[in-house]
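Residue numbers for the sequence shown follow our numbering, beginning at 736 and rising by one.
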Amino acid sequence: MPETLVLALQQLTEAYVKVRQDKSFWQQLGELLSSYSGRPTPLYRARRLQAEVGGPEIWLKREDLNHTGSHKINNCLGQALLAQRLGKSTILAETGAGQHGVATATVCALLNMKCRVYMGAEDVRRQALNVSRMRLLGAEVVSVESGSRTLKDATNEAMRAWVGQVDEAHYILGSVVGPHPYPWMVRDFQAVIGHEIAERIVPRLVVACVGGGSNAAGAFAHFVPHKEVRLVGVEAGGHGMEAGQHCASLGLGRPGILHGALTYLLQDPSGQVADTHSISAGLDYPGVGPEHSSWLASGRVEYASVSDAQALDAFELLCRTEGIVPALESAHALAWYVREGPGQPEAGPWVLCLSGRGDKDVEEVLRLRGLA
Ligand SMILES: *Cc1c(COP(=O)(O)O)cnc(C)c1O
């Protein structure tokens, strides 16, 4: 990390250590999660999906039914409340497809905080609807012209901006990535997903897609000490395993440092961050949360990948069998179920984290299918 942020990160760590012990904080957060975002989200048994696949009993954790359409708001509400307690007036955030930007802008409107969102120019162009949503919600959207003009560059720029106004601003990172305390704090704020699953069911397996890894970390955290529960993270295999064609940081990366974290990283032979590709913008990141790297190293969590084509088929399958349009990100976890489930109908119950809804992806899917 830049020297200039070390002090801010230490202060944030100290503040979070205190808040973590403070019952009134979790109570305030819990009230907002339920009254504003609609938690607990349903755990839904997908019988027609199971019948079509011929796999184990499968339950969908409906994070798509959160306000703003994904799990992102769990983390945004937590960090914004923390920022309020720290007396910060301004929130900074990065965004790729715009889901985290919209969730952050929403929470800032709710809590009356100033909001500035950094977004790669390429993503600003591709995700025009989310840019308009953020602006309607009162956020300033800054188009980032450096590098590949996508998420990694937006993150660089947001961190640079934070250096310049660290006293009045808090930076809300959108996943379990970046420097300490973010991977720890974001995992805690997303852990509500796994706690709610455990209140309803004793699963034999939990599966989730992995971009930075926050919905997966949130779904897994409760179960990590329960060794009898299999945990599976699914990365974006893109067009295939050649360099630049995928985002399988855990499957094909090497240890390296990105945005202040030591983790598996896609890099070229000289250690420069590699190009990536995924059908799903939310999974398109060359690194991954460091705790996932640790779970891979210890063998506690299994990681796999599925291709763009498999995710696209799974997207359509869920629409047709259950009347649910999933995010293309979540469709990666579904595609793993479609591939691995058949032939073991007795292995359930399995739980799949349906991280978000797919309205944002409909246009892209039609384009890829040659229908628009
Ligand atoms: C952002 C996003 C993801 C990827 O982020 P993680 O931190 O890996 O969870 C997955 N699904 C949806 C719907 C998203 O918006």
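All C-beta atoms in this analysis are idealised placements derived from N, C-alpha and C, irrespective of residue type, glycine included.
None of the values given here were measured: they were computed from a predicted structure.
query, result
"Would you check if the distance between the CB atom of residue 1049 and the CB atom of residue 1069 is smaller than 8 angstroms?", "yes"
"Are there any heavy atoms of ligand 1 lying less than 7 angstroms away from the beta-carbon of residue 835, as far as the coordinates show?", "yes"
"Is the Cβ-Cβ distance between residue 1091 and residue 798 less than 8 angstroms?", "yes"
"Would the C-beta of residue 1040 count as close to ligand 1, meaning under 7 angstroms from any of its heavy atoms?", "no"
"For residue 1098, which residues from the same chain have a beta carbon less than 8 angstroms from its beta carbon, with the 5 sequence-adjacent residues on both sides left out?", "1107"
"Comparing C-alpha positions only, which one of 949, 889 and 936 sits nearest to residue 829?", "889"
"Using a Cβ-Cβ cut-off of 8 angstroms (strictly less than) and excluding sequence neighbours within five positions of residue 886, which residues of its own chain qualify?", "829, 830, 831, 855, 858, 1016, 1019 and 1020"
"Do you know how far the Cα of residue 1036 is from the Cα of residue 968?", "7 angstroms"
"Closer than 5 angstroms is what we want: which residues have a beta carbon that near any heavy atom of ligand 1? List them in chain order.", "805, 834, 910, 946, 947, 948, 949, 950, 1017, 1062, 1064, 1090 and 1091"
"Hey, out of 853, 747 and 1066, whose CA is closest to residue 905's CA?", "747"
"Whose C-beta lies closer than 7 angstroms to the C-beta of residue 736 among residues of the same chain, with five residues either side of it excluded?", "744, 914 and 995"
"Which residue marks the beginning of the alpha helix (DSSP H) containing residue 905, and which one marks its end?", "That residue, residue 905, is in no alpha helix (DSSP H); its beta strand (DSSP E) goes 904-907."
"Could you pull out every unbroken alpha helix (DSSP H) segment of at least 4 residues lying fully inside the segment 981-1036, listed in chain order?", "984-987 and 1025-1033"
"Below 8 angstroms, how does it come out for the segment 755-769 and the segment 1038-1047: are there three or more Cβ pairs, yes or no?", "no"
"Please work out which residues of its chain come closer than 7 angstroms, Cβ to Cβ, to residue 1055, disregarding the five sequence neighbours upstream and downstream, and give them in chain order.", "none"
"To the nearest whole angstrom, what separates the beta carbons of residue 802 and residue 770, a pair I think is in contact under 8 angstroms?", "Actually they do not touch by this definition, with Cβ atoms about 10 angstroms apart."
"According to DSSP, what are the bridge partners of residue 779?", "795"
"Using only CA atoms, which one of 992, 1004, 794 and 824 lies nearest to residue 936?", "794"
"Exposed or buried, what is residue 776 when buried is set at 16 or more other beta-carbons lying within 10 Å of its beta-carbon?", "buried"
"Check each candidate in 1072, 825, 1013 and 1025 and name the one with the smallest Cα separation from residue 694.", "Residue 694 is absent from the model: the chain starts at 736 and stops at 1107."
"Where in the segment 798-876 do unbroken runs of the alpha helix (DSSP H), each at least 4 residues long, occur, reported from the N-terminal end onward?", "807-820, 834-846, 856-861 and 863-871"
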